[in-house]
Amino acid sequence: MAANKKAASAPGAETRSNIGGGGLNLSKPGENNPNPIQHGGMGQAERAFSAASTFLSGLLAISASQFIGAPLKLVDPKFYDGYMAWTKESFAVLMTTITQWWSPTVIRVGGDESMKGQLYVMDDGTLKCNFPHRLVLMANHQLYTDWMYLWWIAYTNKMHGRIYIILKESLKNLPIFGWGAQFYNFIFLSRKWETDRYRFKRALNHLKNPQDPMWLLIFPEGTNLSAVTREKSKAWANKTGIQDMKHQLLPRTTGLQFCLQELKQTTNWLYDCTIAYEGVPKGMYGQDIFTLRSSFFEGRPPKSVNMYWRRFRISEIPVDNDQAFARWLNNRWREKDYILEYFYKYSHFPEMDPVTALAAAEGKKEPKHAKMITSEVRGGGWDEFLSIFGPITSAAGALGQVDLTDPVNFDKLMAKVAETQQLNLMNLGKAPIAATSQEAIRNALQAANAQKALPKSVIDALMK
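Counting in UniProt numbering, the sequence shown runs from 1 upward without gaps.
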């Protein structure tokens, strides 16, 4: 199978498993950025300090909550997954809050006929998605923050605790970030398919239960669009005789095909999102304009983030034929390129098929814009944000009154935790934690104490 993939995938078999996306760009944007700077040097420093302080405090609280809940895996793996899904929700809330407060971003969404009845705008202007609880999601990779906006889409669908992202293995051991991603059961892949195949299959086996909510996010291009990756895609196109894309990179087939093969029995839909950022001048790339510095500190986020949605039945995709699947994926990517051509011509997505949209972009047809829902990245306010700190403050308060070196004091510890905080995990019983779950926590903590899984030094560090 690997040999067949090498012929079908693009661009470059040696990096085929690198399907998680690019890294962060902290550099200062170029002088050609068309958006004016909104904050001077002092204002940028203040925004950098306040944003970084808020983000790091929330991140540390979430990380501490994960370590506190880690012993649950010893007793009740299912409940452990639910607890970690709740901490995953917390990270989505943190990112949404940071974006709302320091980089207000307009979101415009639309889709073709297959998306009818799945995108709504509420009375307060917030976006509401009605996607299924199990799907595979593919998207073009324009910018390093694509994953963040797609995670927010999951937030609007109440699936932000059940999203799984495929990442490069190099991110696995990053302090805090890498640890958190491992707790979230994100999938880490190296650049060698022979090695990746086994760990990929093992990770996907964990996601096969049809009763478990699951969104699996994959970027088939393997990295975000830039001048460097644009040239690599062009070179691969020349080598293989495949026509290159204009606004994207040629997609790799192996990762997505393997996902669909493994999940096709329990997952019905492959969702496709075409992302475009308004405000990118012709001949430039979004990553060179919308950096963390420009978006969060200088007050120059994208004018709008635009998403065009489609969906395909997995049962109708030739996932078991390498060449047929390669053709299918390249055809879908070509359609996305036509849609992007229309967008960069009119700053709207088309209400017509992709081929007609290309003709309209070239002036051969009358343009017809799709209806779009305009919203903004917005969270649930202070109450939702402060809930991030609930588990760690509750545990710290209880731990401060109990001698953890004495196992008999665990009953007292659990009583204090119960008094201070009721963990409302994602849809576990649709209510605060049940008596059986309290017993599971009690047993897990007792087991952790007996096995010295929570040493005093770790507890002291968490309390600080």
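Cβ atoms here follow ideal geometry from the backbone N, Cα and C, with glycine treated the same way.
These numbers were taken from a predicted model, which means no experiment stands behind them.
Close-in-space but distant-in-sequence residues of the same chain around residue i (CB under 8 Å, 5 per side omitted)
i, result
"D124", "none"
"P132", "N268, W269"
"residue 486", "Since the first and last residues shown for the chain are 1 and 464, residue 486 lies out of range."
For residue i: DSSP bridge partner residues
i, result
"N331", "Partner(s): none; N331 has no beta bridge."
"G110", "Y308"
"W269", "R313"
"C259", "In the DSSP output, where bridge partners are listed per residue, C259 has none listed."
"Y120", "K128"
"L174", "Its beta-bridge partners do not exist; DSSP assigns none."
"M138", "I218, D272"
"P350", "H369"
"I388", "DSSP lists no partner for I388."
Residue i versus residue j - alpha carbon distance
i, j, result
"V93", "V121", "20 Å"
"S233", "Y184", "32 Å"
"P302", "P36", "12 Å"
"W102", "S63", "22 Å"
"A139", "A61", "31 Å"
"G161", "A85", "4 Å"
"A51", "I388", "16 Å"
"T54", "S315", "45 Å"
"S347", "L358", "14 Å"
"K78", "D212", "10 Å"
"T96", "F290", "17 Å"
"P104", "S226", "24 Å"
"D322", "E194", "17 Å"
"S170", "S294", "26 Å"
"G241", "T223", "22 Å"
"L137", "F312", "10 Å"
For residue i, the three-state DSSP class (helix, strand or coil)
i, result
"R300", "coil"
"D212", "coil"
"E366", "coil"
"G286", "helix"
"R313", "strand"
"T374", "strand"
"Y184", "coil"
"Y277", "strand"
"L207", "coil"
"K168", "strand"
"V75", "helix"
"L292", "helix"
"L189", "strand"
"N427", "Its pLDDT being 39, under 50, N427 is placed unreliably in this model, and the value from its coordinates should be taken loosely. The answer is coil: DSSP assigns N427 none of H, G, I, E or B."
"I62", "helix"
"I163", "strand"
"V319", "coil"
"A253", "The sequence given here places Thr at residue 253; Ala does not occur at that position. DSSP places T253 in coil when its eight states are reduced to three."
"N35", "coil"
"D81", "helix"
"Q248", "coil"
"G43", "helix"
Proximity of residue i and residue j at Cβ, strictly below 8 Å
i, j, result
"residue 491", "S304", "The first residue shown for the chain is 1 and the last is 464, placing residue 491 beyond what the model contains."
"W309", "Y271", "yes"
"L217", "L263", "no"
"T266", "K201", "no"
"N130", "Q118", "yes"
"V355", "Y342", "no"
"R300", "Q44", "no"
"I166", "I187", "yes"
"G361", "M352", "The sequence shown places Ala at residue 361, not Gly. Contact flag unset, no."
"I176", "L292", "no"
"L256", "L329", "yes"
"F91", "G178", "no"
"G283", "Q100", "no"
"F349", "N306", "yes"
Same chain only: Cβ atoms within 6 Å of residue i, ignoring 5 sequence neighbours per side
i, result
"S457", "Any reading at S457 needs caution, since the residue's pLDDT is 48, under 50, leaving its predicted position unreliable; the model's value is listed next. Result list for S457: empty, nothing under 6 Å."
"F67", "none"
"T87", "I62, S65, Q66"
"E335", "P354"
"P367", "Y346, A360"
"T374", "R108"
"K246", "D337"
"E221", "H141, L249, P251"
7 Å Cβ shell around residue i - same chain, five flanking residues per side excluded
i, result
"D244", "S233, K234, A237, L250"
"Y198", "none"
"E46", "none"
"V377", "T96, T99, Q100, T105, I107, W152"
"K364", "none"
Cutoff 8 Å: residue i Cβ touching any chain C Cβ
i, result
"G161", "Chain labels in this structure do not include chain C; a single protein chain is all it has."
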